[in-house]
Amino acid sequence: AQSVTQPDIHITVSEGASLELRCNYSYGATPYLFWYVQSPGQGLQLLLKYFSGDTLVQGIKGFEAEFKRSQSSFNLRKPSVHWSDAAEYFCAVGANSGGYQKVTFGIGTKLQVIP
Amino acid sequence: GAGVSQSPRYKVAKRGQDVALRCDPISGHVSLFWYQQALGQGPEFLTYFQNEAQLDKSGLPSDRFFAERPEGSVSTLKIQRTQQEDSAVYLCASSLGGTSGEETQYFGPGTRLLVL
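Protein chains in written order, with this note's numbering: chain H, 2 to 116; chain P, 4 to 119.
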């Protein structure tokens, strides 16, 4: 069974600073990897995904993530954080389970942005 | 086009009451998923439908939880005799449905259930 570890429960960064959110996964085969963002009281919005191909993936809102198989990681990055990026971020791994994708989420990292 | 919608957005129930949570997936999406998100946790898989067929219900925590999708579109998650530990946000997601596994799930806003 697959699993996801997000080691940072809470991160605070200054507006304009760079951001990196860590994600490590465990899965026996090539994983499908996702980052979702959740604002308070909202559902999950997909930021980006990796299925195959180029290991550096670009997403919405200026986010990118890099798949590193050797480190079992899929860290999310943004060069300059905006106050509106304050939210909770979830890394997830999907596995093909008999014709459909079963997704396992990490516990989430709550991002606080200070002026 | 419209995204995934869920109703009600908030539900307060007394312990022992039955509740029904509704999910309207994106039109044409074959696959539908339910997740439970407890406070401070990530979403956890409950069940999966392909059209009207419930193909995986391995995540349902007890036999008090029941889900259906009778016409392959709208789905209802029912919780009987609610307990305090059922308090959570219930998220619904849908996807186009394909066998490759390369699917993106689109999530609704969730229903926040509080059991008193």
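Idealized CB from N, CA, C, for every residue including glycine.
Task: Arg-78(H), DSSP secondary structure in three states - done: strand
- [ ] Kindly list, in the order they appear in chain H, the residues whose Cβ is closer than 7 Å to that of Thr-107(P).
- [x] Leu-47 and Lys-50
TODO: State whether the segment 14–34 of chain P contacts the segment 77–85 of chain P, with contact taken as three or more CB pairs (one from each stretch) at a distance under 8 Å.
DONE: yes
TODO: Say whether chain P places a C-beta atom closer than 8 Å to the C-beta of Gly-107(H).
DONE: yes
- [ ] Provide the residue span of the beta strand (DSSP E) that contains Phe-36(P), from first to last.
- [x] 34–40
Open item on the list: Bridge partners for Gln-70(H) per DSSP, in chain order?
Closed with: Looking at the sequence itself, residue 70(H) is Arg, so the reference to Gln does not match. None, per the DSSP bridge assignment.
Open item on the list: What does the alpha-carbon distance come out to for the pair Leu-116(P) and Arg-25(P)?
Closed with: 12 Å
Task: Cβ pair count under 8 Å reaching 3, the segment 81–90 of chain H against the segment 54–69 of chain P - done: no
Open item on the list: Across the segment 33–52 of chain P and the segment 100–111 of chain H, are there enough close Cβ pairs to call them in contact, namely three or more that are closer than 8 Å?
Closed with: yes
TODO: For Tyr-13(P), count neighbouring Cβ atoms within 10 angstroms of its own Cβ and tell me buried if that reaches 16, exposed if not.
DONE: exposed
Task: Whole-number beta carbon distance between Tyr-51(H) and Phe-64(H), since they are thought to touch under 8 Å - done: Distance from Phe-64(H) to Tyr-51(H) at the Cβ level is roughly 13 Å; contact not present, criterion being Cβ atoms closer than 8 Å.
Task: From Ser-90(P), Leu-63(P), Gly-113(P) and Glu-88(P), residue whose alpha carbon lies closest to that of Ala-96(P) - done: If we check each option's Cα against that of Ala-96(P), Gly-113(P) comes out closest.
TODO: Have a look at Ser-8(P) and Asn-76(H) and give me their C-alpha separation to the nearest angstrom.
DONE: 30 Å
TODO: May I ask which residues mark the beginning and end of the beta strand (DSSP E) holding Ile-12(H)?
DONE: 11–15
Task: Residue-level contact to chain P via CB, Tyr-26(H), 8 Å cutoff - done: Residue contact check for Tyr-26(H) against chain P: no CB pair falls below 8 Å.
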